[in-house]
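Input: a single structure, listed below in C-alpha cells.
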Amino acid sequence: MNTPTRLAAFALGLVVVLGGAAGIGHAVGPLDTGAKKAASSAHGSNGMPGMPGMPGMSSGQPSAEAPAAGALAAFDRGYALQTRPANLTPGQQTDLSFTVRGPNGAPLTSYQEEHGKELHLILLREDLTQYQHLHPTLAADGSWHVPVTFPAAGGYRMVADFTPAGATENVTLGTDLAVAGDYQPQPLPAPATSAGVDGYTVSMNGQVTAGQSAKLTFEIADTHGLVTDLQPYLGAYGHLVAMRAGDLGYLHVHPDGEPGDGHTAAGPDVAFYVTVPTAGDYRLFLDFQRAGVVHTAAFTVHATASTEEGR
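Its first residue numbered 1, the sequence shown is counted upward by one per residue in the numbering used here.
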C-alpha cells in the first residue's frame with residue numbers, strides 16, 4: 001500500500017458453500033451463521049488461530065511474517081459494524097445502510113481517505129460469485145448508504161474497509177447478508193491463467209505460496225492487441241482483492257508502482273506483490289479501468305504450502 005508501516009491494507013472475510021453443496025439449489029431466508037461467528041470469536045477477530053489481528057495482503061518486498069486474512073468478524077480493535085435490517089430481494093435496488101461504531105460506542109464520523117475514498121465496501125456471494133466493489137456515502141449521523149442491486153439469491157459477505165481519522169492502520173469488518181430466493185450455488189472454477197471479461201483477455205503470470213511474497217503480473221489485451229491506455233482507478237492502474245475459499249477470508253493489495261511515478265506504464269501489465277497466509281484456494285478479482293469503464297476479471301489460484309513446492 002502507500003506506506004511501509006501499512007504493507008497490508010484492505011482486508012475482507014467469507015463463508016463459502018462448495019463441494020457437496022455446489023450445484024444444489026435451496027430457498028434462502030435468514031442465514032444461520034452462528035457456527036461461523038462462534039468459530040471466528042474463538043480464534044480472534046480475524047478468525048485464524050495463532051495469527052495477529054492485522055488485515056490484508058502485503059505489498060512490496062517480502063515480510064518475515066505472513067499477514068492474516070481479515071474481516072471474519074463484525075468487530076475488531078473496539079470498532080463494530082452495525083447493519084440496518086432490510087428485505088433483500090434479487091434484482092431489486094435497495095438502500096444498503098450501516099454504521100461503524102468506535103471504541104466509545106458512538107458512530108464513527110471521521111475517516112481518512114485511502115485510495116481516494118473514506119470507505120471501501122465489498123460484497124461477494126458465499127460461492128465466490130457476484131462480486132461488487134462499492135463506495136457508500138456518509139451521512140451526518142455517521143450512517144453509510146449505498147444503492148445496491150443483488151443479482152441473485154444467496155448468502156453474501158459484506159466487508160467494510162476504512163481508516164479512522166488519526167489512525168495509523170486500517171480496519172476491516174465483515175458481516176453476513178441474506179438475499180431471499182432460490183439459491184443456486186456455483187462450483188468454484190478451476191485454477192486458470194487466463195480470464196475473459198467484456199471483450200478483454202487478461203493473462204496472469206506467477207505462482208502463490210503461503211507465507212511468501214509472490215509477484216503476480218496481469219497482462220491486459222483486447223481484440224486489437226495489448227492495452228496500453230489504462231486509466232487510473234482509485235489511484236492505480238489496477239486493484240486486486242483476494243477471497244479465501246472456505247471462510248471468505250479477505251486480502252487486498254494495490255499494484256507495484258502508481259500512475260505518474262515516472263516508470264509505471266498504463267498497461268498492458270499490472271503487477272502486484274501478494275502474500276497469502278495459508279495454503280488453499282483463493283478467488284482473485286482484478287479491477288481495471290479504460291475509457292471511463294471499470295472491468296473486473298476473476299481468477300482462481302491455488303496457494304501451495306512451502307513444503308508442497310516442487311511436487
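From the three backbone atoms N, C-alpha and C, an ideal C-beta is built for every residue, glycine too.
Take HIS263, set aside five residues on each side of it, and the residues of its chain with a beta-carbon closer than 8 Å to its own are GLY257, in chain order. Residue pairing by DSSP puts ASN205 in a beta bridge opposite THR217. DSSP lists GLY225 as the bridge partner or partners of ASP222.
DSSP places SER306 in the helix class (H, G or I) of the three-state scheme. Straight-line spacing of the CA atoms in ALA291 and GLY105 works out to 43 Å. When secondary structure is reduced to three states using DSSP, SER143 falls in the strand class.
Using a 10 angstroms sphere on the CB of LEU226, the tally of other CB atoms stays under 16, which defines it as exposed. In this structure, SER306 and ALA210 form a Cβ contact; the two beta carbons are roughly 7 Å apart against a cut-off of 8 Å.
DSSP, read as helix, strand or coil, puts ASP261 in coil. Residue burial is scored here from C-beta neighbours: GLU114 has at least 16 other C-beta atoms within 10 angstroms and is therefore classed as buried.
For ASP198, the three-state secondary structure derived from DSSP is coil. Sequence-distant partners of HIS302 (beyond 5 residues in either direction) whose C-beta falls short of 6 Å from its own C-beta, in its chain, are PRO191 and ASP281.
Put simply, the backbone Cα of GLY196 is about 28 Å away from that of PRO277.
When C-alpha distances from ALA180 are compared across THR217, GLN92, GLN289 and ARG84, the shortest belongs to GLN92. With contact defined as three or more Cβ pairs closer than 8 Å, the segment 148 to 167 and the segment 111 to 128 are in contact. A distance below 6 Å between beta-carbons, with the five flanking residues on each side excluded, links PHE285 to the following residues of its chain, in chain order: TYR131, VAL241, THR296 and ALA298. Check the Cα spacing between GLY238 and each of GLU219, LEU248, THR223 and LEU251: the tightest is with GLU219.
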